[in-house]
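Going by this note's numbering, the sequence shown opens with residue 608, and the numbers climb by one from there.
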Amino acid sequence: MADERLIAALDVHTMDDVKRLVTTLGDSVSYYKVGMELFYSVGAQVVTWLREQGKDVFLDLKLHDIPNTAAGGICSLMR
608 MADERLIAAL DVHTMDDVKR LVTTLGDSVS YYKVGMELFY SVGAQVVTWL REQGKDVFLD
668 LKLHDIPNTA AGGICSLMR
């Protein structure tokens with residue numbers, strides 16, 4: 608059973624990577640953080656897919672972040 612206090616960060620860039628990670632973690636994690644770079648790369652489908660898997664989602668789309676994260680989000684938007 609998943610510890611509800613544990614949130615796994617999906618710091619990846621593709622749906623294939625998301626699916627691989629979530630499948631690997633299985634029932635040990637029920638809550639996932641979707642950050643700006645992933646969301647801007649693949650769109651809302653990541654949230655939809657996670658919810659379909661019965662997972663909870665923490666959507667972290669703040670633009671005021673550390674420089675590397677902010678730059679990565681902007682690069683994702685430009686693609």
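Just so you know, even glycine gets a beta-carbon here, dropped at the ideal spot from N, CA and C.
The beta strand (DSSP E) spanning Val664 covers which residue range? Asp663 to Asp667
Taking the CB atoms as reference points, tell me whether Gly642 and Ala615 lie closer together than 8 Å. no
Buried or exposed by the 16-neighbour rule on C-beta atoms within 10 Å, applied to Ser648: buried
For Leu617, name the three-state secondary structure that DSSP assigns. strand
Please state whether the Cβ-Cβ distance between Ser637 and Glu611 is less than 8 Å. yes
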